[in-house]
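For the sequence shown, position 234 (counting from the first letter as 1) is numbered 234 according to full-length UniProt numbering, and the numbering increases by one without interruption.
Since the structure comes first, as structure tokens, the remarks are kept for the end.
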Amino acid sequence: MESSYFCTAGGGTEIFLADELKFISARHSGDLQSERCSSSQLQVEGKVLFTFSGHPAELLNLKTAERVFVQLCYKPHWIKQNGKDSSIMTALQNTLEAITPQDWDNAKHTWNFVNPPKKRSARFQNNQKSSEKLCNKRQKTENDDVTFRVSLKCPREYNNRRVSSMVGGCITRQTGWKVDLRKPLFEVYIQLNNNHLIIGIPLTKIPLSDRPYIETIGLRSTVAWIMAHKAQIQAGDTVLDPMCGVGTILIEAANSWKSAKFSPQN
């Protein structure tokens with residue numbers, strides 16, 4: 001089953017992210033010549049929205065994405081359609097209430113695929129196929145354990161704290177999840193600007209662009225990978241970078257193209 005996602009990307013790199021997503025989707029379908037996923041993509045400034053039927057963990061291997069989100073809502077030109085006065089709060093609440101509890105639950109389960117729960121209540125592990133009453137009770141207990149924090153980006157003319165509080169309350173009423181500003185299980189990301197309203201849950205707490213194998217960042221890792229990718233490195237090639245600085249491009253390339261040789265100088 002296909003799920004909706006979006007990735008954030010550095011300005012100007014959206015096209016490279018879109019190409020990488022096409023390759024991953026084609027590889028998943030077993031047809032590297034497939035253009036199947038191209039019609040389900042949408043590029044906007046700083047983001048690529050798409051659908052994907054594979055395991056969400058596969059998306060964590062993206063090299064050109066800053067972060068990956070489960071998509072819950074996307075509304076283009078939302079502010080223009082709903083005005084810029086106090087009615088925006090009512091309109092935003094109506095939009096949030098249009099996201100069903102099942103939508104929120106599906107997003108949480110997708111997040112769980114990448115972040116499996118460490119502990120489950122023993123009394124619910126022993127009998128997964130019990131009565132509907134027990135299932136509902138288990139669902140309620142699981143929701144009681146879910147905590148979240150709203151991460152909101154909106155224009156300055158709106159009161160960020162007030163909007164975040166309203167959003168958090170609305171989500172709690174819909175799902176039974178609890179707001180935790182200090183140590184939430186995950187964040188609910190909302191961006192509201194003149195271009196769109198977008199809502200999602202990040203699959204990871206740390207951005208994908210924070211590479212564990214790079215200690216000193218001399219260049220954004222996504223840009224370094226794109227530069228190495230454009231070099232069309234082949235097995236046996238020797239790659240030189242006489243102006244490498246701290247070697248970010250070479251480190252990124254060496255991690256992805258292990259059959260080549262790399263040197264900071266000739």
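We put the CB at the ideal spot given by N, CA and C, even for glycine.
No experiment lies behind these values; they were computed from the predicted model shown.
Check	Outcome
Under 8 Å, do V150 and S164 count as touching if we go by C-beta distance?	yes
Sorted by chain position, which residues of the same chain lie with C-beta nearer than 7 Å to L21's C-beta, five sequence neighbours on each side aside?	C37, Q41, V48 and F50
Which residues mark the beginning and the end of the alpha helix (DSSP H) in which C154 is found?	Run containing C154: none; DSSP gives neither H nor E here.
Which one or two residues does DSSP pair with F69 in a beta bridge?	F6 and P202
Going by other Cβ atoms of all chains shown within 10 Å of its Cβ, with 16 needed for buried, is D210 buried or exposed?	exposed
Consider the C-beta atom of M243 and the heavy atoms of the ligand GDP; say whether any pair is separated by less than 7 Å.	The ligand GDP is absent from the structure shown, which contains no ligands of any kind.
Measuring alpha carbon to alpha carbon, tell me which of P264, A231, Q232 and G236 ends up nearest V246.	P264
Under 8 Å between the Cβ atoms of residue 276 and L60?	The structure shown does not extend to residue 276, since the chain spans only 1 to 266, so no value can be given for it.
The beta strand (DSSP E) that contains K261, what's its start and end?	K261 to S263
Short check: CB of T8 to CB of V70, under 8 Å?	no
Tell me the DSSP secondary structure of A254 in three-state form.	helix
Please identify the residue among I15, A107, I233 and L197 whose C-alpha is closest to the C-alpha of N94.	L197
Since N193 contacts P155 with CB under 8 Å, what's their CB separation in whole angstroms?	6 Å
Could you check which residue in I15, C170 and I88 has the C-alpha nearest to that of T64?	I15
To which residues of the same chain is D237 closer than 6 Å at the C-beta, ignoring the five residues directly before and after it?	A260
How big is the Cα-Cα spacing for I214 and M89?	43 Å
For L92 and Q81, I'd like the C-alpha separation in whole angstroms.	12 Å
By DSSP's criteria, V239 is part of a beta bridge. Which residues make up the other side?	F262
Just grab the DSSP bridge partners of P76 for me.	H196
For Q93, which of helix, strand or coil comes out of DSSP?	helix
Please report the distance separating the alpha-carbon of T248 from that of G168.	40 Å
Going by C-alpha to C-alpha distance, which of R67, G10, F6 and S221 sits closest to Y74?	F6
Less than 8 Å between the C-beta atoms of N195 and P76, yes or no?	yes
Let me confirm a value: A98 is counted as buried when at least 16 other C-beta atoms fall within 10 Å, else exposed. Which label applies?	exposed
Using only the alpha-carbon positions, how far apart do A235 and W257 sit?	8 Å
Looking only at C-alpha atoms, which of E45, H28 and I24 sits nearest to G12?	E45
In the DSSP output, what is residue 323 paired with across the bridge?	One cannot answer for residue 323 here, as it falls past the ends of the chain, which runs 1 to 266.
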